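First comes the structure, then the notes that go with it.
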Amino acid sequence: MLDGRARRILGGVARVPGVPGGLLALLLLVVGPLVVALTAGTAAADSSGPGAGASTTVCAPGVLGGPPTSGAGVTSIFGADSPPAESIRHLAWLVLGICAAIFVVVEALLFVAVVRFRRRKREAALAGEPEPTQLYGSNPIELAWTVVPLLIVFVLGLVTIRTIREVQLTEPPEGALRVQVIGHQWWWEYRFPDELGNGREVVTANELVVPVGRPVWLELESADVIHSWWVPRLAGKTDCIPGRTNVTWFKARRPGLYLGQCAEYCGTQHANMLLRVTAVEPDAFREWLEQQASPAVVDPAVDEGRRLFAGFACLNCHAIDGVSAGMFGPNLTHLASRETIGSGILPLTRDTLRAWIDDPQKLKIGCNMPSLKLDDRELDLITDYLLTLR
Amino acid sequence: MSTLSTGHGASTPAGGGSVPDTRRPGAARDSGRVDLMARLHEWTVTVDHKRLGILYVASGLFFFVIAGIQATLMRLQLVVPVNDFLTPDTFNRLFTMHGTTMVFLVGMPVLLGIANFLVPLMIGARDMAFPRLNAFGFWLFLFGGLLLYYSYIGSAGLYGAGSTPDAGWFMYAPLTTRSFSRGNATDYWILGIMVSGFGSMTTAVNLVATIFSMRCPGMTLMRMPLLVWMMIVVAVLILAVMPVLTAAQVMLLFDRSLGAHFFNPQQEGSALLWQHLFWFFGHPEVYILILPAFGFISEIIPVFSRKVIFGYPLMVAATVAICFISLGVWAHHMFVAGLSPFLNALFAASTFLISVPTGIKIFNWIGTMWGGRIRFDVPMLFATGFLALFVFGGLTGIMLAVVPFDWQLSDTYFVVGHFHYVLIGGTLFGIFGAIFYWFPKAFGCKLDERLGKWTFWIFLIGFTLTFFPMHISGMLGMPRRIYTYQPDRGWELWNLISTIGVPLQIAGVSILVWNIIRTLRRGEPCGDDPWDAWTLEWATTSPPPEWNFHEVPVCTSRRPLWDRKHPEDPDEHYE
Ligand code: HEM
Ligand SMILES: [Cu+2]
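Written as structure tokens, this is what we have:
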């Protein structure tokens, strides 16, 4: 099939002489890391590091208490623990395999060409050297390397389409829990519309709690700019675009803490727009939801704190059931039942909460909450009040 | 056929040697002190395509250094988690200016500058079709760049200190609308890039006109050097998509200044419209950045392998195919925006398709090396490095086209790694190769080979250290454009390695800059055709006279100088 000239030249592959150091280095630089890459993902997913600050939580709630279980802190896409992420992991290994194979073949060809056809003689000795055989092209060879890539790409296309159909649902799965996710600069709002069937909508912020083993159907919106909801071990990311509702879903397989963060650049504090999803057993979830749906705690012992909160600008931005109705910042009705503040950058303790109210700009520079210049007494009173909001 | 004037010693201008050639290094010393002001004047009013080309490259390198400093600062900030070396706003401005500068003020002008320098020479023309327009284009580009950088001083106007654009190089609405981007930083981005975009468009018009109407006798379209083919495709792409960007920028300006609401969802505008318009420009733009580099190595590889390019007609076909397909892949930047499954599949398919002609090219280049007698001079080193790294960048690109995989990878450091492999491993290596290859043509002497090899190896190692780990941190869940990150996510090591690569890259580039300065000051003349090459630009003197050729060359095949050097076995028999 090949013409004589092409065959002669292809014959050169068989004879590869000694490998010069520089070229070996080149190959190592390119191939070595690939090997590392292919192994790194799984390794990281297996090690269960300490949860990001969760163990220092003193105000952590009853229902979710205890340190997070498996693999907290890990956000590797290979640590998938939910059907969409698992489908993608499958596909990822396949694609990585195919691409690694192509990579090795092409780099090897290049490597052989470089080593085999390198001119070794010194410049001076070359003056009258004849030019090598000129090969203008070869139809069979060129046809081969047009058709083979087309075939590979065709196969990739098929598996891609299959996985898209598996992962991207347009209707909620059977019995799914519906959650509205609203991205804000730089925190998350979650709404459970009437899950309890008593007409009460549950509103919370930054920490999403879901039942294990039940599909969760997210309706993603944005209150300002584009954000992207991404918890790698649960599902791929989907943008929250103002003026539009996108949807995505996941189903946590095991109880535990799943971390992620906003994946679409959304301004100053994009980096600190973290995501936390806690998966709990269905009973615990129900308990949590009922607690979140209950009215705000009113503890006479911290009455003065409540009055201060309602008297300062806090109420313009934050809602507390029965105290204030602000919508600009996170709903604080059950603040003390959360594990973190500042969309997950700090554990919720008395100290961090007090420091946050004192000067949020110190802990999260540029965030949309101003420092209200309270004095020490006011800070203590408001903090004590907020800590009763379980 | 024998009217070609080539070879050494043919450097006397047609006028009989009375014109002193001040561009040759050492000429200044020979002819006594040349008045600096006179020379500056000469360079500012020049309409010579070669000088404009050099000006483009020089200003591009200047912006390259600035954008490099910005990148260094960013890597320093990310060397450890929860670092407070930079404030978030500073960091956000840095990555915005870095990206914008690298794409619009380094990539485009350097590539267009080299095209400016080479295309007329390669097709045997005296100059570009519209020399004055050519000069106008250059000054528009430079002015646009300076306007963008003026935002460091001017953009907060009377309200206080300056602030530069901070919404990323793709400037997604509504983050760029008035409500979320106050001050004038975004307006500086729009106007600066728009002005330099006009510059690119004039250059593109000029290239099209030049290539179609000014080829020397015998230079049919199918005899043009591949670089010229790539440049015509680039020019056509620029003309097809830059106006779309300009239109989108005007619309955004209307939103911001006149209360229009194309992109503002709070007033029924569409946030996705900006993405569609931007990426309709933005994806072809990355081909605009890579195709010229393809062109460079398509010239370098044959000469240093001593072989004719393998499969010329297929290379041309692949280039034209890339041109068309690239206009239909933009939505692969929007796989996470919630498009329908059908659209996602469609754009995945078109993206897969575009990888085929790209793959063909890679095989043809390797095919060209195969059976050759390869000389590893510095240009060839960079061309080989290009191949090795571009294959990697291309394959990670295919992974990103696998839509569900992209749902995990898009907007992560994986993407940052991917496009730097393409843009540095591809475009920049192509540019470095081109600089080493054509430097003798522009200035009459070779850059130092030993320093060149140091540049190559140090830069390659630094590059790999910096950008390879990013693929891993991306797969471990690290989003891009974050000014800081949490500890305990398994990202620390990879970020540390990434930052360690940076000083090596700086060293590599510094050696290159030193090499250029040193050679300009005291390089040894190297003759007109130092690489024993085959295309027409080597048929004139180095540096060429202002009118390029003493006699209009005649082209007999794809390798006119081969025919001349091998009269017994000319190319035309095989084409
Ligand atoms: C003394 C009054 C205030 C108190 C006690 C207070 C308390 C808090 C707390 C505890 C959080 C963290 C919530 C969480 O992470 O779930 C928070 C976040 C926030 N607050 Fe306030 N707040 C006050 C005033 C305000 C005001 C006046 C605004 C609006 C101008 C505001 C806007 C915000 C925003 C936008 C966030 C989210 C910040 C981010 O994570 O990026 N707050 N506030
Ligand atoms: Cu965000």
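Chains A and B are the protein sequences, given in the same order.
Using the numbering used here, the first residue of the first sequence is number 980, and each one after it goes up by one.
Using the numbering used here, the first residue of the second sequence is number 358, and each one after it goes up by one.
Where is the CB? At the ideal position from N, CA and C, for every residue including glycine.
If you're wondering where the values come from, they're calculated on a predicted model, not measured in any experiment.
DSSP, read as helix, strand or coil, puts C1346 (chain A) in coil.
Cβ-Cβ distances below 8 Å link L497 (chain B) to V552, S553, F555, G556 and T559 in the same chain, with the five nearest sequence neighbours on each side left out; the list follows chain order. In this chain, the beta strand (DSSP E) harbouring T1217 (chain A) covers A1214 to C1219. Against chain B, the CB of W1124 (chain A) has a partner CB under 8 Å away; the residue lies at that interface. The shortest C-alpha to C-alpha distance from H406 (chain B) to any of B:G456, B:M485, B:V911 and B:M459 is the one to B:M485. The way I'd put it, the region 828-846 of chain B does touch the region 1239-1250 of chain A; three or more beta-carbon pairs between them come closer than 8 Å. Nearest C-alpha to E1180 (chain A) among A:L1365, A:T1331, A:D1363 and A:N1310: A:N1310.
Restricting attention to B:V422, B:T725 and B:A395, the CA atom closest to the CA of Q862 (chain B) is found in B:V422. Between ligand 2 and the CB of C1293 (chain A), the shortest heavy atom gap is not smaller than 7 Å. In the DSSP assignment, T1125 (chain A) falls within the alpha helix (DSSP H) that extends over N1118 to V1146. Between the region 497-507 of chain B and the region 605-617 of chain B, the count of Cβ pairs shorter than 8 Å is below three; the stretches do not touch.
D1218 (chain A) reaches chain B at V693, A694 and G695, counting residues in chain order whose Cβ is nearer than 7 Å. The alpha-carbon of A1258 (chain A) is positioned some 29 Å away from that of S697 (chain B). When secondary structure is reduced to three states using DSSP, A1258 (chain A) falls in the strand class.
The beta carbon of T1139 (chain A) falls within 8 Å of a beta carbon belonging to chain B, placing the residue at that interface.
Taking the C-beta atoms as reference points, G456 (chain B) is found nearer than 8 Å to W526 (chain B).
Where G1239 (chain A) is concerned, the enclosing beta strand (DSSP E) starts and stops at G1235 to Q1240. Flagged as an interface residue toward chain A: R663 (chain B), by a C-beta distance shorter than 8 Å. In the displayed model, R539 (chain B) falls within coil according to three-state DSSP, outside both helix and strand. In summary, the residues of the region 1081-1103 of chain A whose CB is separated from some CB of chain B by less than 7 Å are I1081, F1082, V1085, E1086, L1088, L1089, A1092, V1093, F1096, R1097 and R1098, in the order they occur in the chain. By alpha-carbon distance to W1166 (chain A), the top candidate from A:R1193, A:D1173, A:L1254 and A:I1140 is A:L1254. Its Cα nearest to that of T533 (chain B), the residue A:C1245 stands out among A:Y1237, A:L1368 and A:C1245. In the three-state DSSP reduction, N1225 (chain A) falls in the strand class (E or B). Residue-level contact by beta carbon holds for A745 (chain B) and chain A, with a gap shorter than 8 Å. With a 10 Å radius around the Cβ and a threshold of 16 neighbouring Cβ atoms, E894 (chain B) comes out buried. Excluding five sequence positions before and after N721 (chain B), the CB atoms of its chain that fall closer than 6 Å to its own CB belong to F667, G668 and M672, given in chain order. Around G1246 (chain A), the beta-carbon contacts reaching into chain B at under 7 Å are L532 and F537.
With a threshold of 16 other beta carbon atoms within 10 Å, W795 (chain B) meets it and is buried.
Contact of G728 (chain B) with chain A is assigned, a C-beta pair being separated by under 8 Å. Boundaries of the alpha helix (DSSP H) harbouring R875 (chain B): E849 to R879, taken from the DSSP string.
In this structure A890 (chain B) does not touch P910 (chain B) by the C-beta definition: roughly 14 Å separates them, more than the 8 Å allowed. The beta-carbon of W871 (chain B) is placed no less than 8 Å from the nearest beta-carbon of chain A.
Here the alpha carbon of R1098 (chain A) sits roughly 8 Å from the alpha carbon of F733 (chain B).
In the structure shown, H777 (chain B) adopts helical secondary structure according to DSSP, grouped into three states.
Against chain B, the CB of Q1147 (chain A) has a partner CB under 8 Å away; the residue lies at that interface. Residues of chain A with a Cβ closer than 7 Å to the Cβ of T543 (chain B) do not exist, since the nearest Cβ in that chain sits about 12 Å away.
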